[in-house]
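Visitor: If you scroll down you'll find the structure; I have some questions about it.
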Amino acid sequence: YIFLRNAHYYGNLPTGLDTEEFRKSREDNCDIFLTDINLTGNKHVKEICDKFIYMYYYLNNIHKERDTDNTITDEDCHFMNYWLNVNLKNDDMGAPICVNFFYDKLRSKDVNTFSNSAKLEEHLHEIESGNLKNMQLLYELYDTKQKIVNDMYGEDITDSKMELCKEYTKECHDKYIEGMKNCLNGYDDFYNALKDFKICYNYAVEWDPEDLKNCKSSPYFNLPNYDSVLERKQKKTMLIQSISTPLVVLFIIPLLYK
């Protein structure tokens, strides 16, 4: 779940490395790719193809000044695996496409772009549906948190911006509770990731001294102390105590009459 800390960055990659020539190349390669997998004319899959090629290209070229052949990090690979899982299982797909199948077929049509030594294929796998749902929720939390930060420190202090900030805080508040409830089904790693998010949120948002947008006036500004896992452990402890106490008494009473 660590890579999701950079959700806002990955979800808003700049278009600065795009060119007309590269757009034409992507369109041609995606058309060939769609024909190869018998989805000619499928606009949704073509859009996924186009966005994925640009994402890979951007992450592979953004740090070329490092003089290294590999600028794609493990976190980049984890995000691309997550992104493909989300988009290739979308309801608009009709039938889901296997992540590894998608990448293998696409790479064979665009060898020049996918020539990085990072070997993305080693990071690709199908994410279990429960984990994927939790990842999407954590992605939304980090993305919304950054929107709140941007609004709080932005120079636009109009009424609409102030209302937008309050909407974001409610969204964050509700998503956090939803995530905690999901932890009742297990997912210890996700539970720890949520706790880490709360620390990050507190540091970046709650401690802002200026609050020009008056975001703190929202009743949802502070994340709740709700902890479903802790509550369950406490209830379990109380239940054990309530059951064990009468049993102890039953053992002690006979001893008193010996």
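Take 49 as the starting number for the sequence shown in my numbering and just add one per residue. Glycine included, C-beta positions come from ideal geometry on N, C-alpha and C.
1) Output the distance between the C-alpha atoms of residue 249 and residue 193, rounded to the nearest integer angstrom.
2) Need the endpoints of the alpha helix (DSSP H) that residue 192 sits in, please.
3) Have a look at 268, 143, 186 and flag the residue whose alpha-carbon is nearest the alpha-carbon of residue 240.
4) Using the Cα positions of residue 230 and residue 197, report the straight-line distance between them to the nearest angstrom.
5) Quick one: what does DSSP say residue 383 is sitting in, helix, strand or coil?
6) Suppose only complete runs of 4+ residues qualify. What are the alpha helix (DSSP H) ranges in the region 135 to 164, listed by chain order?
7) Could you please give the first and the last residue of the uninterrupted alpha helix (DSSP H) stretch that includes residue 263?
8) Going by alpha carbons, who is nearest to residue 123 out of 93, 137, 162, 57?
9) In its own chain, which residues sit with a C-beta less than 6 angstroms from the C-beta of residue 140, not counting the 5 before and 5 after it?
10) May I have the straight-line CA-CA distance separating residue 64 from residue 171, to the nearest angstrom?
11) Grouping DSSP H, G and I as helix and E and B as strand, with all else coil, what is residue 72?
12) Following the continuous alpha helix (DSSP H) through residue 51, name the residue where it begins and the one where it ends.
13) Looking at the secondary structure, which residues open and close the alpha helix (DSSP H) in which residue 242 lies?
14) Just to confirm, is the Cβ distance from residue 119 to residue 108 under 8 angstroms?
15) Is the number of C-beta pairs between the region 71 to 86 and the region 220 to 227 that are closer than 8 angstroms three or more?
16) Taking residue 98 as the reference, which of 155, 228, 255 has the closest Cα?
17) Helix, strand or coil: which one does DSSP assign to residue 59?
18) Tell me which same chain residues have a C-beta within less than 6 angstroms of the C-beta of residue 289, skipping the five on either side of it?
19) Do the region 198 to 217 and the region 145 to 161 make contact, defined as three or more Cβ pairs closer than 8 angstroms?
20) Can you tell me where the alpha helix (DSSP H) with residue 95 in it begins and where it stops?
21) Quick one: measure Cβ to Cβ for residue 61 and residue 128, integer angstroms, because I've assumed they're closer than 8 angstroms.
Guide: In brief:
1) In the sequence shown, counting from the first residue as 1, residue 249 sits at position 201. In the sequence shown, counting from the first residue as 1, residue 193 sits at position 145. Distance between the alpha carbons of residue 249 and residue 193 is about 7 angstroms.
2) The count along the sequence shown starts at 1 and reaches residue 192 at position 144. It spans 177 to 201 - the alpha helix (DSSP H) in which residue 192 sits, taken as one unbroken run.
3) The sequence position of residue 240 within the sequence shown is 192, counting from 1. For the residues 268, 143, 186, the minimum Cα distance to residue 240 belongs to 186.
4) Within the sequence shown, the letter at position 182 stands for residue 230. Within the sequence shown, the letter at position 149 stands for residue 197. Residue 230 and residue 197: Cα-Cα distance of roughly 26 angstroms.
5) This structure gives no information on residue 383, because the portion of the chain shown stretches from 49 to 306.
6) 147 to 157
7) On the sequence shown, residue 263 is found 215 positions in, with the first residue counted as 1. Neither: residue 263 is in no alpha helix (DSSP H) and is coded neither H nor E.
8) Counted from its first residue, the sequence shown places residue 123 at position 75. Of the candidates 93, 137, 162, 57, the one whose C-alpha sits nearest the C-alpha of residue 123 is 57.
9) Residue numbering aside, residue 140 sits at position 92 when the sequence shown is read from its first letter. For residue 140, where only same-chain residues beyond five positions count, the Cβ hits under 6 angstroms are 92.
10) Your numbering for residue 64 matches position 16 in the sequence shown. Your numbering for residue 171 matches position 123 in the sequence shown. Rounded to whole angstroms, residue 64 to residue 171 spans 27 angstroms at the Cα level.
11) Numbered from 1 along the sequence shown, position 24 holds the residue referred to as residue 72. Residue 72: helix per DSSP, three-state reduction.
12) The residue labelled residue 51 in the question sits at position 3 within the sequence shown. No alpha helix (DSSP H) holds residue 51; DSSP gives it neither H nor E.
13) The count along the sequence shown starts at 1 and reaches residue 242 at position 194. It spans 236 to 249 - the alpha helix (DSSP H) in which residue 242 sits, taken as one unbroken run.
14) If you number the sequence shown from 1, residue 119 lands on position 71. If you number the sequence shown from 1, residue 108 lands on position 60. Result yes, Cβ atoms of residue 119 and residue 108 sit closer than 8 angstroms.
15) no
16) Here residue 98 refers to the residue found at position 50 when the sequence shown is read from its first residue. Selected option, being the one with the closest Cα: 155.
17) To locate residue 59, count along the sequence shown from 1; it is residue 11. Of the three classes helix, strand and coil, the one that applies to residue 59 here is helix, per DSSP.
18) Taking the first residue of the sequence shown as 1, we reach residue 289 at position 241. Only weak support exists for where residue 289 lies, its pLDDT of 47 falling under 50; the value from the coordinates is given anyway. No residues qualify anywhere along the chain.
19) no
20) Your numbering for residue 95 matches position 47 in the sequence shown. It spans 91 to 109 - the alpha helix (DSSP H) in which residue 95 sits, taken as one unbroken run.
21) Locating residue 61 in the sequence shown gives position 13, where the first residue counts as 1. Locating residue 128 in the sequence shown gives position 80, where the first residue counts as 1. Not quite, the Cβ-Cβ distance comes to about 11 angstroms (not below 8 angstroms), so this is no contact.
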